[in-house]
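See structure below.
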Amino acid sequence: MLDAPFTVKALTANGRVNPLGIGGEDPVLGWQLTSARRATSQKAYEIQVGRTPGSADTWSSGKVKSDRQVGVRYGGPDLEAATRYYWRVRAWDDKGVASRWSADAYFETGLLDPGDWDGAQWITRPAAPSELDKWTDYTATVDFELDSAALGMFLRASDVSNGYMWQFSATGPTPMLRLHKQVKGNYSVIQEIDLAPYGFTNPGLLAGRHTVRYDVVGTTIKTTLDGKLVNTFTDSTFTKGYIGFRTHACCSERGTVYDAVVTRTDGSTLLDTDFASGRNPFTGGEIVDSALTVSGTTDALYQPAARPQPLLRKDFATKNGKKVASARVYASALGLYELELNGKPVGDQVLAPGWTNYHKRIQSQTYDVTKLLASGDNVIGASLADGWWAGKVGIGWSRQYGDAPALVAKMRITYTDGSIQWIATDGSWKAGDGPYVKADLQDGETYDARLEPAGWSRPGFDDAKWEPAASLDSRTALLVPQSDEPVRRTQVLKARKMTEPTAGTYVYDLGQNVVGVPRLTLTGSADQTARIRYAEVLNKNGTLYTDNFRSAKVTDRYTFTENGTVTYEPTFTQHGFRYIEITGMTEPPALADVKGVVWGSDLPTTGTLTTSDSMLNQLVDNISWSQRGNFLSIPTDTPARDERLGWTGDISLFAPTANYLVDTRAFLSHWMADVRNSQYANGDLPAVVPTPQGQFGESGVGWSDVMITVPYSVWRSYDDTRILRENYPAMQKFFQFVRDSAGPDLLEPGRTTFFTNDWLHLDDPTEQGILGTAYYAENARMMAEVAKALGDDAAASEYSKLSADIRTAFTKAYVAPDGTVMRNSQTGYAMALAMNLVTDPALVEKVGEKFVAKLALTDYHLRTGFIGTPLLLPALSKIGRDDLAYKMLLHKDYPSWGYEVVSGATTVWERWNSIMPDGSFGPVDMNSFNHYAYGAVGDWMFQNIGGLSAIDPGYKRSRIAPVPGENLTEGSGSLKTVYGLLSSRWNTHNGAFDLKVTVPVNTVAEVHVPSKTRWAVTESGRPSDAAKGVRFLRMEGGAAVFEVGSGSYSFGVDTGLGGLGESKEAAGELRDLVADLEATGAPTASEQARQVLTSVDAAWTTYVAAGGAQSTGEHVDRARARLGDIGDWTAQQVDKGTLTASQGAAVQALIDRVEKGL
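Start counting the sequence shown at 1; every next residue gets the next number (the UniProt record's numbering).
Take a look at the structure:
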């Protein structure tokens, strides 16, 4: 039977399939191979690149003798902007047989240089007169109650991050007025006034209503409480700004505001609240019984009736008499944008252009709009929103990059005659107001359908009342084509259950904590408003638990324009949620009318893991969902509360696990560009990337190391040397920073910040020097490997020696002769062992014993934080205690991974105590239920339960070594490597072990089959030594290790066959030994030994042919008889002195081995 043909498939450019709008750097190309023949490899390849399918008019590599099929660099002329290049590959296998040419793939460039954007202006809606300018000198009078603890009031606040905040507090021995000043989100207490001398008491302040008046004139603020002047304060920091109210959940702060009136010095009114009407002019708080209640973590700042988010449009026509061949739109924005062409959406992405270091680079997108273009009249429209540019980011920070959104775009229409027409953003565009009254990533979206201009993005719309678009200063020099997959809608989930915890409040459960938006079918009447809120978990009474969202309002609103039914799906916000609460509706939407639309950077799924344990399967799902939810344009830390930042430490620890789950090449490479351009002059990094205004600028051990760990991890997973080349100078610069921090003793106790030590550990701190020095050693090791991969051999040698020297220094400083690691923390031991910081085998054994003893103190429950957790189980595996690794993994009580699962988690929590055993919630100031850091255990699970790990980068040489443990009876791991599918599936039954593996073409795997002897291992029912393409390597760790090439294999363990194999091996040694003996009767004994081998060999052959031991009895009996004869002869010769005692013992030992196997 002929083998299936050798074929080339799955072509990728820059790790993506047919990417549209790439940059001008030489792309790296890759492909996969298929062949039914085992152990097939590639010996040569040829690539052709051309402007048309099947052509090579741009570049041909010629036949290249190489087994390389990933990261192959394009070697043609510089790429041109706005150009599609087709390419194909053929390959030659190890027998010299050529494949057919692959199907054509393509990559298409975007606009590459600032000059390519000529004619395109950054446009926006003209600015309206500023309401803020009116709020300079004024008198503000507030009628309020202090319900609990404290209530703050904003004065001259331009936003919730900048202004004064006067706080009335009844939390101390006497009532206090605390004056705060907040600059860029950072609060400072500038004065404290004891109110007791003015006749106020805590009980009195907490009882009844009070009136406070603020006279804000020039640089002076006078505060009068219940008619008593209690403070006069002078400061010139802020000259204008609104009033508002603030509470924080940490101290159960709560206040009620009945009325607030603000008048200017000329007598005109700036604000006169009317809460009885239901209108709330502040950005937070809830109207209850005609008053504004402020509680939890809330910043309720006065917000003037702001204009809705802008719309932009442009009428244009195609050329008469010409046929369109293709059309592209190249676009970007300050803020967020969505395009429409003739009333239809352009592209399938959301939250474009994504979040980058906007000060350094802004991504542009390319869209194929050929099918949307009409002959004749057309309209292109854009909806804009604040997004990360001008909306809230981080800890409620606003306007971090700018004040208003703007658009830049060019449309390129190519006609069949080769002529080109350009449409660009300029002053000819029109600007108007849209239906998005509010649109904020953290606070939510308010959509008023009454404001939607019907048909605004289609021809024929009357835009006479719209204004000409205004242009802004150009930022075109910052534009770069987007290099990774955008954020898209990746899945839609149906609501599973609806409850009504209070009258008119309808709560829907999706059954899964997700990131995205809802899709709601609502029925209402004109002017009716539906309010939609969200939560990750519920209170015990079934209401939403939202305190952990802190200042993020996480609320959407939809107002009907007419009676009827609509489908509403927010556009310019995103939420982290499992539960959806709908109020304001006459009747609850049907269960089928409530859905969750999952958003995330659209990365290809690559890895799976399933087991016989349902808890572990749910844990794998939880890890995967946390990755999906937190890979949203950047790798974030929590998708629900007011943070959502690119914390470097989280992804540094989680990247190896992420690389199993999805193809991270383009995503992490794109993010690393922002990491590089955030690097300080000294080589260090901020703790979060992007860093809008320098917040969290100080970093520490385990966080800034991302400069090395992520490129290294991506390279190891995909053999992607491009990410190494791009980052190597920055990696070297960072490493030198660490080296300088360590000093000549090679110990690194520095690099500390507020999250220093093992972040969120459970009362088990680790010596800082252990953390820093461990990372220093590992950084040096990784740098050595990276330098070698890039051909920098001198640096590789230096880094390698330094890594070894650091490990020696680590052991000397932190490890006692009895194996105790300083401070005796779980993390300290885990790092020492898993990172191979202790190299002396005898000392490793002692450290292992101390580690196990430490774990026994908590009944083998973890106490580790972010840094220690990924290393905990690998450290146990390192010392041969997989049994304890499984024990810790499978716990279901607090604290453990299983505890989260049995507590109902569908994503990984930020803290081990996000929900306590008594059902109460963890610390409200930082408590996310969707945070992938502790999901880093997935790396160990994939390697040990799934059994898959890379020996060489990209799994060119892989290790398939499943480790059965506890009560697991089966496990299955699969990984779509850059070479193709690598998989293992194992099960145990009645003491037997079966393992099925698949290995991609052009790769080799080392397969570890748990067995006491190599001879027990079968492949496809045959003894392994007779199986095609299977080569025994060694016995290791209780397993027989075999080398296999590409193909599918089915390994089993047959103990009967194994015994015969051991007997066969020993019988051969016995024959050779006896043949060399010189004693009376030796020739006869030698013949008997030969007969033993013949009989055992016959038993082996019969066993294999018959499939069992039942037919081997005759051969076994004959062998045993001859063994007896040899044993008798040997004893006689020893007695006679013709054989030495040692010779006799050697013969008897082999007889015993043969007998044991029989």
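Glycine included, each C-beta is placed from N, C-alpha and C at the ideal position.
Please read these numbers as outputs of a predicted model, since none were measured by experiment.
Expected contact under 8 Å - CB spacing of residue i and residue j to nearest Å
i, j, result
"L928", "T638", "Per the sequence shown, residue 928 should be read as Ser rather than Leu. About 4 Å separates the two Cβ atoms, so the contact holds."
"I623", "Y894", "No, I623 and Y894 are not in contact; Cβ-Cβ is about 19 Å, not under 8 Å."
"P308", "Y436", "6 Å"
"R1071", "L1057", "Going by Cβ atoms, the distance from R1071 to L1057 rounds to 21 Å, so no, they are not a contact pair."
"P690", "T356", "6 Å"
"D484", "H670", "4 Å"
From the options, residue whose alpha carbon lies closest to that of residue i
i, options, result
"D226", "Q167, T269, D143", "D143"
"A382", "T283, L336, D93, W388", "L336"
"V1104", "R307, L1060, G255, K95", "L1060"
"A832", "D818, R807, K854", "R807"
"T124", "A404, P77, D57, T220", "A404"
"P917", "E900, T907, M926", "E900"
"F755", "G702, A390, V537, S903", "G702"
"R722", "N18, D26, P5", "D26"
"Q1133", "L616, A1085, P129", "A1085"
"E785", "A830, M731, A834, D740", "M731"
"A950", "V999, P1023, T969", "V999"
"K465", "A431, T529, S1048", "A431"
Residue i burial status per 10 Å Cβ neighbour count (16 or more: buried)
i, result
"residue 1209", "Any answer about residue 1209 is impossible in this case: the structure gives the chain only from 1 up to 1158."
"M1", "Model confidence at M1 stands at a pLDDT of 35, short of 50, so the residue's coordinates are unreliable and nothing is read from them."
"H989", "exposed"
"N162", "buried"
"R781", "buried"
"R399", "buried"
"T709", "buried"
"R450", "exposed"
"S920", "exposed"
"P5", "exposed"
"R665", "buried"
"N541", "exposed"
Distance CB(residue i)-CB(residue j) smaller than 7 Å
i, j, result
"A1040", "R1014", "yes"
"Y568", "Y579", "no"
"S958", "L982", "yes"
"W429", "A469", "yes"
"I770", "Y814", "yes"
"P870", "W715", "no"
"Q679", "L685", "yes"
"E778", "Y886", "no"
"V1030", "F1042", "yes"
"W101", "G76", "no"
"S614", "N563", "no"
"V515", "G629", "yes"
"V507", "E581", "yes"
Neighbourhood of residue i by C-beta, 7 Å cutoff - its chain only, sequence neighbours within 5 removed
i, result
"I287", "F275, G278, N280"
"T219", "T234, D235, S236"
"G402", "L334, W389, A390"
"T34", "T7, K9, V1001"
Close beta carbons around residue i, own chain, < 6 Å, minus the five adjacent residues each side
i, result
"G511", "R496"
"I190", "L179, K181"
"G922", "R911, N913, S914"
"S188", "K181"
"E253", "A149, A150, T247"
"F200", "P175"
"Q48", "A56, S60, R88"
Same chain only: Cβ atoms within 8 Å of residue i, ignoring 5 sequence neighbours per side
i, result
"Y239", "Note that residue 239 corresponds to Thr in the displayed sequence, not to Tyr. So the qualifying residues of the chain are T136, R156."
"P964", "G971, W986, T988, F993, P1010"
"D368", "L20, S326, A327, R328"
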